[in-house]
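Novice:
2 protein chains.
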Amino acid sequence: MASIQLYDTTLRDGAQREGVSFSTVDKLDIARKLDEIGIHFIEGGWPGSNPKDVEFFKKAQSLALHHSSLVAFGSTRRPISKAQTDANLQALANAGVKAVTIVGKSSDLQVTQVLETSLEENLSMIADSIRYLKAKGLTVFFDAEHFFDGFKANPGYALRVLEVAAEAGADCLVPCDTNGGTLPNEITVAIEAARKLTTTPLGIHAHNDAELGVANTLAAVNAGASQVQGTINGYGERCGNANLCSIIPALKLKMGIDCVTNEQLAKLTEVSRFVSEVANLPPDPFSPYIGSSAFSHKAGLHVAGMTKWSGSYQHIDPTHVGNQPRVLVSELSGKSNIIYKARERGIDLPLQGKEAEKLLEQVKLLESRGFQYENAEASFELLLHRAKPDYQPLFTLVDFMVVVESRRRPPTRRSPEEALSEAIIKVKVGTEIIHTAAEGNGPVNALDDALRKALLQFYPSLAQVKLVDYKVRILEESVGTGSQVRVLIESSDGVEEWRTVGSSTNIIEASWLALADSLEYWLIKQKAAAS
Amino acid sequence: MASIQLYDTTLRDGAQREGVSFSTVDKLDIARKLDEIGIHFIEGGWPGSNPKDVEFFKKAQSLALHHSSLVAFGSTRRPISKAQTDANLQALANAGVKAVTIVGKSSDLQVTQVLETSLEENLSMIADSIRYLKAKGLTVFFDAEHFFDGFKANPGYALRVLEVAAEAGADCLVPCDTNGGTLPNEITVAIEAARKLTTTPLGIHAHNDAELGVANTLAAVNAGASQVQGTINGYGERCGNANLCSIIPALKLKMGIDCVTNEQLAKLTEVSRFVSEVANLPPDPFSPYIGSSAFSHKAGLHVAGMTKWSGSYQHIDPTHVGNQPRVLVSELSGKSNIIYKARERGIDLPLQGKEAEKLLEQVKLLESRGFQYENAEASFELLLHRAKPDYQPLFTLVDFMVVVESRRRPPTRRSPEEALSEAIIKVKVGTEIIHTAAEGNGPVNALDDALRKALLQFYPSLAQVKLVDYKVRILEESVGTGSQVRVLIESSDGVEEWRTVGSSTNIIEASWLALADSLEYWLIKQKAAAS
Numbered sequence: 000m001a002s003i004q005l006y007d008t009t010l011r012d013g014a015q016r017e018g019v020s021f022s023t024v025d026k027l028d029i030a031r032k033l034d035e036i037g038i039h040f041i042e043g044g045w046p047g048s049n050p051k052d053v054e055f056f057k058k059a060q061s062l063a064l065h066h067s068s069l070v071a072f073g074s075t076r077r078p079i080s081k082a083q084t085d086a087n088l089q090a091l092a093n094a095g096v097k098a099v100t101i102v103g104k105s106s107d108l109q110v111t112q113v114l115e116t117s118l119e120e121n122l123s124m125i126a127d128s129i130r131y132l133k134a135k136g137l138t139v140f141f142d143a144e145h146f147f148d149g150f151k152a153n154p155g156y157a158l159r160v161l162e163v164a165a166e167a168g169a170d171c172l173v174p175c176d177t178n179g180g181t182l183p184n185e186i187t188v189a190i191e192a193a194r195k196l197t198t199t200p201l202g203i204h205a206h207n208d209a210e211l212g213v214a215n216t217l218a219a220v221n222a223g224a225s226q227v228q229g230t231i232n233g234y235g236e237r238c239g240n241a242n243l244c245s246i247i248p249a250l251k252l253k254m255g256i257d258c259v260t261n262e263q264l265a266k267l268t269e270v271s272r273f274v275s276e277v278a279n280l281p282p283d284p285f286s287p288y289i290g291s292s293a294f295s296h297k298a299g300l301h302v303a304g305m306t307k308w309s310g311s312y313q314h315i316d317p318t319h320v321g322n323q324p325r326v327l328v329s330e331l332s333g334k335s336n337i338i339y340k341a342r343e344r345g346i347d348l349p350l351q352g353k354e355a356e357k358l359l360e361q362v363k364l365l366e367s368r369g370f371q372y373e374n375a376e377a378s379f380e381l382l383l384h385r386a387k388p389d390y391q392p393l394f395t396l397v398d399f400m401v402v403v404e405s406r407r408r409p410p411t412r413r414s415p416e417e418a419l420s421e422a423i424i425k426v427k428v429g430t431e432i433i434h435t436a437a438e439g440n441g442p443v444n445a446l447d448d449a450l451r452k453a454l455l456q457f458y459p460s461l462a463q464v465k466l467v468d469y470k471v472r473i474l475e476e477s478v479g480t481g482s483q484v485r486v487l488i489e490s491s492d493g494v495e496e497w498r499t500v501g502s503s504t505n506i507i508e509a510s511w512l513a514l515a516d517s518l519e520y521w522l523i524k525q526k527a528a529a530s
Numbered sequence: 000m001a002s003i004q005l006y007d008t009t010l011r012d013g014a015q016r017e018g019v020s021f022s023t024v025d026k027l028d029i030a031r032k033l034d035e036i037g038i039h040f041i042e043g044g045w046p047g048s049n050p051k052d053v054e055f056f057k058k059a060q061s062l063a064l065h066h067s068s069l070v071a072f073g074s075t076r077r078p079i080s081k082a083q084t085d086a087n088l089q090a091l092a093n094a095g096v097k098a099v100t101i102v103g104k105s106s107d108l109q110v111t112q113v114l115e116t117s118l119e120e121n122l123s124m125i126a127d128s129i130r131y132l133k134a135k136g137l138t139v140f141f142d143a144e145h146f147f148d149g150f151k152a153n154p155g156y157a158l159r160v161l162e163v164a165a166e167a168g169a170d171c172l173v174p175c176d177t178n179g180g181t182l183p184n185e186i187t188v189a190i191e192a193a194r195k196l197t198t199t200p201l202g203i204h205a206h207n208d209a210e211l212g213v214a215n216t217l218a219a220v221n222a223g224a225s226q227v228q229g230t231i232n233g234y235g236e237r238c239g240n241a242n243l244c245s246i247i248p249a250l251k252l253k254m255g256i257d258c259v260t261n262e263q264l265a266k267l268t269e270v271s272r273f274v275s276e277v278a279n280l281p282p283d284p285f286s287p288y289i290g291s292s293a294f295s296h297k298a299g300l301h302v303a304g305m306t307k308w309s310g311s312y313q314h315i316d317p318t319h320v321g322n323q324p325r326v327l328v329s330e331l332s333g334k335s336n337i338i339y340k341a342r343e344r345g346i347d348l349p350l351q352g353k354e355a356e357k358l359l360e361q362v363k364l365l366e367s368r369g370f371q372y373e374n375a376e377a378s379f380e381l382l383l384h385r386a387k388p389d390y391q392p393l394f395t396l397v398d399f400m401v402v403v404e405s406r407r408r409p410p411t412r413r414s415p416e417e418a419l420s421e422a423i424i425k426v427k428v429g430t431e432i433i434h435t436a437a438e439g440n441g442p443v444n445a446l447d448d449a450l451r452k453a454l455l456q457f458y459p460s461l462a463q464v465k466l467v468d469y470k471v472r473i474l475e476e477s478v479g480t481g482s483q484v485r486v487l488i489e490s491s492d493g494v495e496e497w498r499t500v501g502s503s504t505n506i507i508e509a510s511w512l513a514l515a516d517s518l519e520y521w522l523i524k525q526k527a528a529a530s
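Line by line, the protein sequences are chains A and B. Sequential numbering of the first sequence, starting at 0, is according to numbering that gives the first Met the number 0. Sequential numbering of the second sequence, starting at 0, is according to numbering that gives the first Met the number 0.
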């Protein structure tokens, strides 16, 4: 149990989650992050089924990974065919990786009912495919699909599948709980049976359909499995895969298995949020270990207990996984917090005495109005800039007007159902006032276009700045059409990305504030770099 | 193991979740729903610490519960005091319930460091309090706080606490994993130790801080615990409590424990969504068993497998928990689907031949534009109405214009940062055209006010209709400020609630469509009721 291999399948199985679609660049970025936290194997995709994945493996050649090995995934050869001529196996052999995982069926019903072939042929498919890939000099992992359901219905056949794969030379046998419905005690029994059968290392690939993905993985490790497959944030089809963000700290902190270093574990929260950002999914605040609420406390008994003994209401020290305890922002915020954040961002501010206090008051006021700086570091940095005595805005928003109109007559080139959005803005740059207007695909889009139009003549380099994400959240505490909304905007100049925030009961105004921050932030950085 | 008591603490521990705040009416509504699915005990609140909870227990007297008993929660007497004069214990005794749960500490460190009293005094506090409540004729459950952490550090003291509670007459001893960090095998060892100690029934109260809340609960049941405490949707402080929506189906469908009837289990999905609705939290689509994606399948191998054998990629039949499989709306939608939905809503439509096909085409077109009718049954019903040959709209939106303006000059009564929102609309009722305008707290609020203003003169009863929720979702597939947005509006007339949907790249237009649907739906229903 001393040595555990962490095997991440966020890029393949994780991408099966509803709403997730990773580009090749996204996948390369995530692979780099997984390497940083010491994941041993990164399953990059299925080159035999997906042309995008072929491209990924090609580009991944230039990834300078320090800890991780890339793995290509595919299935065994098709029934009644030859491994030597199987396009899928050839794609695996040509993926440019040292390790591959192939999936084969280990449930008799799945073989006869879904694959529609004989039990013997299925065994040959597995053995042939593994031998073919081993002959190419590859490390071969075998994913035994539906193993636990198969083991329940026909244990002899399920175990025979593992035996055949081991005899063919597989380097690790990975029983899969494909449908995710197995209970931990059933996992224990099946893994122990497999353990008795062969000396080939065993793995575990669990899903979360019964909310037991983590527990089933830990049960398999206790029963002798040494390769742990899962995904960051538990992303995956249906209810997701086993969540590595909960498994890694359990192994390291609770079971004493040294699978990553302390420094790697301390990056877990960052990596979790990075992956959710790339997947364009809001991070789940209630996620164990890495969620922003995982160590938060509502006022009352627990908070009082925490002040007496920090371990009284938390199961681990949150800094071990790069997270932090949270009571309430307003209760935690202090002058030292602001000073710390300013230093972190390399900003030299005279933060003694009144100035720091004034800034703190402002942060508190803005946070009470729905601004949130945790995920909008660019807006936070602008607050610090604006607190400097010599701060000169690069542009000032004088005023704006947005008109959204839906008129049946007179007929226009638009379809009658489509509304027209128009923004008229006034911006001051230096002593000059620019008064301009733009149409857009919705009111915020119109504002965005008008603001760029006004500023481009002064700052032509702004053309590089693109909006990459625009998110609206209705703040939970408010209801109805008068709700407070928070707009988060992510921008990019092709090299760096930054996030800004706006908040108002008026969605247009909230968007306007975040848009303006986004452009000003970039202009200030450009100016600093040039000087 | 044959008899398990389900104990729900959604109304107390569940309400500790960040962002959740239940009104007394909310709590009464939820209690009725919990009764419907056969929960044995409903913990209603803490009358000794919260005046709102006193009101709840008062009003709960008139709840005609068929299956559930209400339980009041509180702590033991304070150190160095008398049970007879303890305000908290008196509040429990006077709550008007037959069963109470009291919480006491079972970790030696918690007693000395947090409670700051002696280990002996803690035992007396527990014994005195249980005896006092038993003497009042109450059923008394004892929650042993921090039991598992206490058992690890000082097993003798943790077990002594249970023993003392049993001797004092507790009807059930409930070891709590208060910090949620215990592993399943540790739960098994501790519950087995407790099981050897006493014949008093044992329970389990688990939290989800290590993503093991469900597994720990099932491990405790396997080790002999018979009372299972948890919450609907796993709501609770930090990462939540053990999730009854995953525990109940595991007990019933996978472990053969007949804790609820088949009919009660089939209401689980409905109750889960009801509670999230009341809590004003979006339902988590990826939740095991009851999530809308729990049995969904992306196209490919799995969908092909499902067509051959429905069990091939799902661990249970989703109808057992009131859920349903889902491939993709567009792939599933068929004429029969529309006919089924129309009948379900009691609408008599000539759905043969071309008309049904036309309607189906329209639904598909609207869904491709971002409308979603699953949670907007009122908008769906309007589509059916509008397909009738004799459909006469009660009002028609002729056109609208919304202006959002933020001007520094001239100064107005508003603060200079605040934007003005104004809506100008034209609505046709019969042959009359009403042209009116209103200001609002944001553009959607202004539209809402203007529309009501225009219609009230014709339909004064509309004054009863209130907007109770307004939600905006940026559709995941689109990005940037040109994103497609979906607006969901929930309205109420004080008796019934209904939901409508609007979608557009323009948030104002999406809101306008949903608002208009909301009012028209209600007017049609009123007219039908009157005729």
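We put the CB at the ideal spot given by N, CA and C, even for glycine. Since this is a predicted model, take the numbers as computed values, not measurements.
Is the Cβ of residue 208 of chain A closer than 8 Å to any Cβ of chain B?
Specialist: yes
Novice: Going by DSSP in three states, residue 228 of chain B sits in which element: helix, strand or coil?
Specialist: Strand, per DSSP.
Novice: Expressed to the nearest angstrom, what Euclidean distance is found between the alpha-carbon atoms of residue 298 of chain A and residue 94 of chain B?
Specialist: Residue placement at residue 298 of chain A is poorly supported in this model, since its pLDDT is 43, which falls under 50; the coordinates still yield a value, given next. The alpha-carbon atoms of residue 298 of chain A and residue 94 of chain B are separated by roughly 25 Å.
Novice: Beta carbons nearer than 7 Å to chain A: which residues of the region 375-405 of chain B have them?
Specialist: 397, 398, 399, 400, 401, 402, 403, 404, 405
Novice: Going by beta carbon distance, what residues of the same chain come within less than 7 Å of residue 9 of chain A, once the five residues before and after it are set aside?
Specialist: 29, 230, 231, 234, 274
Novice: Put residue 244 of chain B into one of helix, strand or coil per three-state DSSP.
Specialist: In the displayed model, residue 244 of chain B falls within a helix according to three-state DSSP.
Novice: Starting from the C-beta of residue 291 of chain A, find all residues in its chain whose C-beta is less than 6 Å away, skip the five residues before and the five after it, and write them out in chain order.
Specialist: 284
Novice: Within the same chain, show all residues whose beta-carbon is closer than 8 Å to that of residue 166 of chain B, passing over the 5 residues directly before and after it, in chain order.
Specialist: 126
Novice: Chain B partners of residue 112 of chain A, CB-CB under 8 Å?
Specialist: 307, 308, 311
Novice: What residues in the region 14-39 of chain A have a beta carbon less than 9 Å from any beta carbon of chain B?
Specialist: For the region 14-39 of chain A, the set of positions with a beta-carbon nearer than 9 Å to some beta-carbon of chain B reads 15, 16, 17, 18, 19, 20 in chain order.
Novice: Please classify residue 35 of chain B: does DSSP put it in a helix, a strand, or coil?
Specialist: Three-state DSSP puts residue 35 of chain B in a helix.
Novice: Is residue 527 of chain A helix, strand or coil when you go by DSSP?
Specialist: helix
Novice: Under DSSP, the beta strand (DSSP E) around residue 7 of chain A begins and ends at which residues?
Specialist: Segment 4-7, the beta strand (DSSP E) holding residue 7 of chain A.
Novice: Use the C-beta contact count for residue 369 of chain B: other C-beta atoms within 10 angstroms, 16 or more gives buried, fewer gives exposed.
Specialist: buried
Novice: Just the Cα atoms here: how many angstroms apart are residue 422 of chain A and residue 487 of chain B?
Specialist: 26 Å
Novice: Give the DSSP-derived three-state secondary structure of residue 166 of chain B in the structure shown.
Specialist: helix
Novice: Can you tell me whether DSSP reads residue 469 of chain A as helix, strand or coil?
Specialist: strand
Novice: Figure out for me which residue from A/383, A/404, A/40 has the closest Cα to the Cα of residue 520 of chain A.
Specialist: A/383
Novice: What residues in the region 188-221 of chain A have a beta carbon less than 9 Å from any beta carbon of chain B?
Specialist: 206, 207, 208, 209, 210, 211, 212, 213, 214, 215, 217, 218, 221: these are the residues of the region 188-221 of chain A whose beta carbon lies less than 9 Å from some beta carbon of chain B, given in chain order.
Novice: Output needed in chain order: residues of the region 494-513 of chain A with a Cβ under 8 Å from some Cβ in chain B.
Specialist: For the region 494-513 of chain A, the set of positions with a beta-carbon nearer than 8 Å to some beta-carbon of chain B reads 503, 504, 505, 506, 507, 508, 510, 511 in chain order.
Novice: Tell me which residue opens and which closes the beta strand (DSSP E) that residue 446 of chain A is part of.
Specialist: Element bounds for residue 446 of chain A: not the beta strand (DSSP E) but the alpha helix (DSSP H), 442-455.
Novice: Under the assumption that residue 312 of chain A contacts residue 49 of chain B (Cβ atoms under 8 Å), give the Cβ distance between them as a whole number of angstroms.
Specialist: Contact flag wrong, Cβ pair sits at about 19 Å.
Novice: Take the Cβ of residue 331 of chain A as the centre, count every other Cβ of all protein chains shown within 10 Å, and call the residue buried at 16 or more, exposed below.
Specialist: Because the pLDDT of residue 331 of chain A is 39, which lies under 50, any placement of that residue in the model is unreliable, and the question is left without a value.
Novice: Work out the CA separation of residue 106 of chain A and residue 152 of chain A for me, nearest whole Å.
Specialist: 8 Å
Novice: Run through DSSP, which three-state label would residue 318 of chain B get?
Specialist: helix
Novice: In whole angstroms, what separates the C-alpha of residue 247 of chain A from that of residue 205 of chain B?
Specialist: 21 Å
Novice: Can you give the Cα-Cα distance for residue 71 of chain B and residue 139 of chain B, rounded to whole angstroms?
Specialist: 10 Å
Novice: Please classify residue 104 of chain A: is it buried, with 16 or more other beta-carbons within 10 angstroms of its beta-carbon, or exposed?
Specialist: buried
Novice: Measure the CB-CB distance between residue 397 of chain A and residue 425 of chain A and report whether it falls below 8 Å.
Specialist: Contact: yes.
Novice: Ends of the alpha helix (DSSP H) at residue 189 of chain A?
Specialist: 183-196
Novice: Relative to chain A, which residues along the region 226-260 of chain B have a C-beta separation below 7 Å, given in chain order?
Specialist: 236, 237, 238, 239, 242, 245, 249, 253
Novice: Taking 6 Å as the limit between beta carbons, can you name the residues of its chain near residue 577 of chain B, skipping five residues before and five after?
Specialist: No answer is possible for residue 577 of chain B: it lies beyond the span of chain B, which begins at 0 and ends at 530.
Novice: Is there at least one Cβ from chain A nearer than 8 Å to residue 294 of chain B's Cβ?
Specialist: yes
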